[in-house]
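What follows is a set of notes on a single structure, which appears directly below.
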Amino acid sequence: MSRHQKDPLRPLTVDERKELTRLSRSQSAPAAEVDRARALLAIAEGASYTAAARLVGRGHNETISAWVSRFNREGLAAVRPHHGGGPRIRYGAHAQQRILAEWARLPERETDGTATWSLSLLQ
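Note that the working numbering has the sequence shown beginning at 3, numbered continuously upward.
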């Protein structure tokens, strides 16, 4: 028997349920997003956190509890995982776009001093 959840899943809107259903059946979406959608739908249909954890292959219902709390706060945006550790992202979206645009441009030998780009030149 599962314990009473501190932060139970709020009722889903029609649009949220529709999007979670679509995502849970997706074969091309990232697996982490599909698992979160499947777990949230299971809980919305009355499954316990433990049953939802088993459904998506998680060992602990604390993970599911965190997903539910985040969904209650952020809505569908909670389905996308946050940065999962590792080195910090060094460049923001604007800087990344600028670097990619520079990389896509063919270098001019006289102006840029090279015929091909290297990582150190792009930095």
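Built from N, CA and C at the ideal position, the CB exists for glycine as well.
Please read these numbers as outputs of a predicted model, since none were measured by experiment.
> Taking the Cβ atom as the reference point for each residue, do Pro123 and Thr116 lie within a distance shorter than 8 Å?
Replying inline: The identity of residue 123 in the sequence shown is Leu, whereas the question assumes Pro. In contact: Leu123 and Thr116 (Cβ atoms closer than 8 Å).
>> Looking only at its chain, what residues have a beta carbon closer than 7 Å to the beta carbon of Trp105, apart from the 5 residues adjacent to it on each side?
In response: Trp119 and Leu124
>> Just to confirm my understanding: we take Ile66, look at its own chain, exclude 5 residues before and 5 after, and list those with CB closer than 6 Å. What are they?
In response: Ala41, Tyr51, Ala54 and Ala55
>> To test your reading of the DSSP string, which unbroken alpha helix (DSSP H) runs of 4 or more residues are found completely within the segment 67 to 125?
In response: 95 to 106, 111 to 114 and 121 to 124
>> Under 8 Å: do the segment 31 to 48 and the segment 56 to 64 share three or more Cβ pairs, one atom per stretch?
In response: yes
>> Quick test of your reading: Asn63 and Arg12, contact by CB under 8 Å. State the CB separation rounded to the nearest angstrom.
In response: With 8 Å as the limit, Asn63 and Arg12 do not qualify as a contact, their Cβ atoms being about 18 Å apart.
> Cβ atoms of Ala46 and Leu25: under 8 Å apart, would you say?
Replying inline: no
> Any idea if Val16 is buried or exposed, counting beta-carbon neighbours within 10 angstroms, 16 or more meaning buried?
Replying inline: exposed
>> According to DSSP, is Asp9 part of a helix, a strand, or is it coil?
In response: coil
> Can you list, in chain order, the stretches of the alpha helix (DSSP H) that have 4 or more residues and sit fully within the segment 24 to 49?
Replying inline: 33 to 46
>> Taking only three categories from DSSP, how would you classify Arg60?
In response: coil
>> Distance check for Ala95 and Arg111, CA to CA, integer angstroms please.
In response: 28 Å
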